[in-house]
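Have a look at the structure below before the remarks.
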Amino acid sequence: MTNQVDEMKNQMAAKKNNGGAPTKDKPKTIEDYLKQMAPQMQEALPKHMDVDRLMRLTMTTIRTTPELRQADVGSLLGGVMQAAQLGLEPGLLGQCYLLPFKNNKKGITEVQFIIGYKGMIDLARRSGHIESIYAHAVYENDEFEYELGLNPTLRHVPTMSQDKGAYIGSYAVAHFKDGGYQMEFMPKAEIEKRKSASRGANSKFSPWNNYYEEMANKTVIRHMWKYLPISVEVQQQVEHDEGTARNIKDITPNDEIFLEAPENDFINAEATEGGQDDFPIE
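Numbering-wise, UniProt numbering puts 33 at position 33 of the sequence shown, and it's gapless, one number per residue.
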């Protein structure tokens, strides 16, 4: 990833003109930047994905979330590159999300890359060592038993009633091809604690708003991740989940970009009394 990022930075830096005068091939829109990045994205993508499809999905995501057009271009491109390297598709399919986020300290909007529940499942299955992996939510009226110790037990019988009761928590189970397994349960209080630690959770664009159960299930899988037979490379890439691709955010600091974005669609950069540096777009 580092070599590809450095290559992108060098290529884009080479296109900068002396004195800031426009050049014929300088990108003017996000679409232009994506087209310029296409060779690097194609190189990063796994064989089952096509760069044209990734670009179409990215533009669809931008159209459905116009605030992304106001974001720092480097962080947006970085998020797309992270999706490419992990082989995940951004958008409504739930594999990954690109979330606009206000960096209060710098006074700019950045893009936060978030892996979805389906993305975590897909990455785990690709390891070749996992037979199956799944997660489920548990509700108050379900029959549920969870016990650790020498003989761990997990039994879940979902209620058939329309009244499921209050949400209690989520569990995840992974069965390995060698016959072993890993399981974990996380109560709602712990899930909420981890949700609150995610700086984009309160954004109106956060998948937590519309897909709480899936994001809760993903949280359990994410916590169980270190115990799964996943390659070191994928483990390291997943560490960037819910982060900003800061290492390429300044690749175009002097470029003039016409994004056709509405004005005043995001909060200003004034600090709060609590000293918080970053805020979600609300």
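Backbone N, C-alpha and C define an ideal beta-carbon position, used for all residues, glycine too. Only a predicted model underlies this, so the values are computations on that prediction, with no experimental measurement involved.
Apart from the five residues on each side of it in sequence, which residues of its chain come closer than 6 Å, Cβ to Cβ, to residue i?
i	result
R194	T219
C96	A83, L88, P90, I115, G116 and G119
I30	none
H156	F144
P46	G87
L154	Y146 and M183
S231	none
M55	L34
Suppose the cutoff is 7 Å on Cβ atoms and the five residues either side in sequence are ignored; what does the same chain contact list for residue i look like?
i	result
F205	T65, L99, P100 and I281
W208	K195, A201 and M215
residue 295	The displayed coordinates of the chain run from 1 to 282. Any statement about residue 295 would go beyond what the structure contains.
V51	A38, M41, Q42 and L45
A137	Y167, S170, E213, A216 and N217
K188	Y167, I168 and G169
S161	N141
A271	Unreliable placement is indicated for A271, whose pLDDT of 28 sits below 50; the coordinate value is still reported in the next sentence. Closer than 7 Å at Cβ, skipping near neighbours: N104.
Could you please give the first and the last residue of the uninterrupted alpha helix (DSSP H) stretch that includes residue i?
i	result
L54	V51 to T64
A216	Y212 to M224
Q42	I30 to A44
Y117	Y117 to R125
G78	V73 to L86
A135	Where A135 is concerned, there is no enclosing alpha helix (DSSP H), although the beta strand (DSSP E) it sits in stretches over I130 to Y139.
R194	K188 to A197
residue 369	In this structure the chain extends from 1 to 282, so residue 369 is not present and cannot be described.
Would you mind working out which of the options sits nearest residue i, comparing C-alpha positions?
i	options	result
G87	L57, S132, Q182 and S196	L57
E89	E190, S196, M49 and R155	M49
H175	A84, E131 and S196	E131
M37	L93, T60, G79 and S196	G79
D178	P229, T153, E233 and R53	P229
E184	Q162, S198, E192 and Y227	Y227
I133	K35, W225, L148 and E192	W225
I191	S203, Y212 and L92	Y212
Y181	V232, M81, N151 and A44	N151
E233	T61, V51 and A124	A124
L148	Q162, M186 and S198	M186
Cutting at 8 Å between CB atoms, please list the residues of its own chain near residue i, excluding the five before and the five after it.
i	result
Y139	P158, T159, K164, G165, A166, Y167 and I168
R53	E89
N210	none
Tell me which residue opens and which closes the beta strand (DSSP E) that residue i is part of.
i	result
A172	Y167 to F176
E145	E143 to E147
T153	T153 to V157
Y227	Run containing Y227: none; DSSP gives neither H nor E here.
L99	C96 to N103
Could you check how far apart the C-beta atoms of residue i and residue j are, in whole angstroms? I think they sit under 8 Å.
i	j	result
G94	G116	4 Å
L68	Y33	Between Y33 and L68 the Cβ distance is about 12 Å, and since that is not below 8 Å, they are no contact.
M81	A135	Their Cβ separation, rounded to whole angstroms, is 28 Å, which puts M81 and A135 out of contact at 8 Å.
Original post:
Within the chosen definition, does the segment 160 to 172 reach the segment 207 to 227 through at least 3 CB pairs nearer than 8 Å?
Top reply: yes
Original post:
Between the segment 219 to 228 and the segment 118 to 129, are three or more C-beta pairs nearer than 8 Å?
Top reply: yes
Original post:
Is there contact here, the segment 230 to 237 with the segment 136 to 155, by at least three beta-carbon pairs under 8 Å?
Top reply: no
Original post:
Okay, do the segment 96 to 115 and the segment 71 to 84 touch, 3+ Cβ pairs below 8 Å being the bar?
Top reply: yes
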